[in-house]
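S.K.: Mind having a look at this structure? Questions to follow.
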Amino acid sequence: MKQEREVFNELKGKVEAAQVSAKKGQDREQGDTRNHGKKRSLKSQLFWMMGLWLGGVISLYLFVKLVKVIMSLVGLYASP
2 MKQEREVFNE LKGKVEAAQV SAKKGQDREQ GDTRNHGKKR SLKSQLFWMM GLWLGGVISL
62 YLFVKLVKVI MSLVGLYASP
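Per my numbering, the very first residue in the sequence shown carries number 2; after that it's consecutive.
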């Protein structure tokens, strides 16, 4: 009985130590990305914003074209 308790306490200590070291590793990883994130320049942000906007416009245009083609194949849209 006493041996079982000693083994249990030993294993419990190892598990707690592993959890603490894992938590420290997570904190270190989060700290690196959170505190040392690279600040983007205004020019870079504007280029990204314009690129995403233009990509959205083009994808909507192509989606409308695709819907028109499908509707004309089905017979629901009469192309001029």
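Virtual Cβ for every residue (Gly too), placed ideally from N, Cα, C.
(1) Look at the alpha carbon of Y78 and the alpha carbon of K66, and state the distance between them as a whole number of angstroms.
(2) Straight-line CA distance for L43 to L53?
(3) Alpha carbon to alpha carbon, how far is L47 from M72? Give it in angstroms, no decimals.
(4) Can you find a heavy atom of the ligand PLP that lies under 6 Å from the Cβ of W49?
M.R.: The short version:
(1) A straight-line Cα-Cα distance of about 12 Å links Y78 and K66.
(2) 15 Å
(3) Looking at the two C-alpha atoms, the distance is approximately 37 Å.
(4) In terms of ligand content, the structure shown is empty, and the ligand PLP therefore cannot be addressed.
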